[in-house]
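Peer 1: Quick one: the structure is below, and I'll ask about it shortly.
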Amino acid sequence: MSKIKPYKDSDLSKKEQVTKMFDTISGDYDGLNRVISFGIDIKWRKKVVNLVATQQPKMVLDIATGTGDLAIALADTNAEKIVGLDISSGMLEIGKQKINKKGLSTKIDMVLADSENMPFEDNTFDAITVAFGVRNFENLKNGLTEILRVLKPGGIFVILETSVPTKTPFKQGYNFYSKHVLPLIGRIFSKDRSAYQYLSESASVFPYGEALNNILREIGFINVEDFPQTLGVATIYKSSK
Ligand SMILES: C[S@@+](CC[C@H](N)C(=O)[O-])C[C@H]1O[C@@H](n2cnc3c(N)ncnc32)[C@H](O)[C@@H]1O
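First residue of the sequence shown: 442, per my numbering; consecutive thereafter.
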């Protein structure tokens, strides 16, 4: 698996670099997200919430929760407890402020931890989600194995991740957007120039569709299905244990 890292001249591990990068861009993240995806990311997260709601989960874990948008959207299900987990304290801090403002702090806990080594017992959660997080894991297979461990048998696991359109002319349009427009938006609006370069480079090489389905099956997930969104620029993956 490719080890594209945020900072090309740094000796830090991918995990340390990813943490540093998200700490740096945490203040810009929500605004830039809306600009980059033209606001469609809100619709994709809503679809994830609808899939999770079919399971009527009590305990939900949102991994790589960042500034908490998906954790907050998951509060629309009947879940008793939602845990948002992230490795970046900067992202979590912004998320906590949003959760407090919405009066959701008794329902949503924000936890600073690494998805590849989580502080939870086996078989704890009825539903687990990761939005735009798996491609940042240092070791994808370790992260997915750890997710399978803490998911209850019969529980649902939903990934939302960028993917690459395969059809002409969307493929060419996407390549132009991610190679030229996305890094430019990042340079103009963000403090961290390399961050948006990394985000587009890592998206272009990350496995998607059947390739990611097969990795999930190899780890031990069952009933794996993928649902491409908006011409294939993102994909939702649903599976269970
Ligand atoms: C692109 S953001 C996505 C945030 C949020 N899920 C959303 O949809 O907006 C990716 C997040 O993954 C987190 N992350 C990366 N590697 C992680 C790891 N090993 N454990 C936990 N969080 C991680 C980053 O800190 C960052 O907040």
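Just so you know, even glycine gets a beta-carbon here, dropped at the ideal spot from N, CA and C.
1. So the candidates are Glu534, Asn583 and Lys444; which of them puts its Cα closest to the Cα of glutamate 659?
2. Using CA atoms only, rank isn't needed, just tell me which of Ile600, Thr508, Leu553 and Gly531 is closest to leucine 657.
3. Mind the definition here: the region 526-537 touches the region 483-500 only if three or more C-beta pairs lie below 8 angstroms; say whether that holds.
4. I'd like to know if the region 511-524 and the region 626-640 are in contact, where contact means that at least 3 CB-CB pairs between them fall below 8 angstroms.
5. Just to check my reading of the structure: leucine 526 and isoleucine 504 have Cβ atoms closer than 8 angstroms, yes? What is that Cβ distance to the nearest angstrom?
6. What did DSSP end up calling alanine 675 once you bin it into helix, strand or coil?
7. What would DSSP say about glycine 614, mapped onto helix, strand or coil?
8. Applying the 10 Å Cβ sphere with the 16-neighbour rule, what's the burial state of aspartate 450?
9. Thinking just about the alpha-carbon of each residue, which of Thr547, Tyr678, Lys612 and Asn558 is nearest to the one in aspartate 573?
10. Given 7 angstroms as the limit, tell me if phenylalanine 573 has its C-beta closer than that to any heavy atom belonging to ligand 2.
11. Is there at least one non-hydrogen atom of ligand 1 closer than 7 angstroms to the beta-carbon of alanine 505?
12. Let me confirm a value: isoleucine 663 is counted as buried when at least 16 other C-beta atoms fall within 10 Å, else exposed. Which label applies?
13. Relative to the alpha-carbon of leucine 644, which residue among Val605, Leu592 and Tyr470 has its alpha-carbon at the smallest distance?
14. Classify valine 605 as helix, strand or coil using the three-state DSSP reduction.
15. Mapping DSSP to helix, strand and coil, what is proline 414?
16. At the level of alpha carbons, what is the spacing between glutamine 497 and isoleucine 549?
17. With a 10 Å radius around its C-beta and 16 neighbouring C-beta atoms as the bar for buried, classify serine 530 as buried or exposed.
18. Of the choices Gly468, Val493, Lys620 and Asn577, whose alpha-carbon is the least far from that of proline 648?
19. For proline 560, which residues from the same chain have a beta carbon less than 6 angstroms from its beta carbon, with the 5 sequence-adjacent residues on both sides left out?
Peer 2: If we stick to the structure as given:
1. Out of Glu534, Asn583 and Lys444, the CA that lies nearest to the CA of glutamate 659 is found in Asn583.
2. Among Ile600, Thr508, Leu553 and Gly531, the Cα nearest to that of leucine 657 belongs to Ile600.
3. no
4. Output reads no: the region 626-640 does not touch the region 511-524.
5. 5 angstroms
6. strand
7. helix
8. For aspartate 450, the number of other beta carbons within 10 angstroms of its own is below 16, and it is reported as exposed.
9. In the sequence on display, residue 573 carries phenylalanine and not aspartate. Nearest option by C-alpha distance: Tyr678.
10. For the structure depicted, ligand 2 is absent and the ligand set comprises only ligand 1.
11. Yes, since a heavy atom of ligand 1 falls inside the 7 angstroms radius drawn around the Cβ of alanine 505.
12. exposed
13. This sequence places alanine at residue 644; leucine is not what is there. Nearest of Val605, Leu592 and Tyr470 to alanine 644, Cα basis: Val605.
14. In the structure shown, valine 605 adopts coil according to DSSP, grouped into three states.
15. Here the chain has residues from 442 to 682 only, and residue 414 is not among them.
16. Between the C-alpha atoms of glutamine 497 and isoleucine 549 there is a straight-line separation of about 17 angstroms.
17. exposed
18. Asn577
19. Ala554
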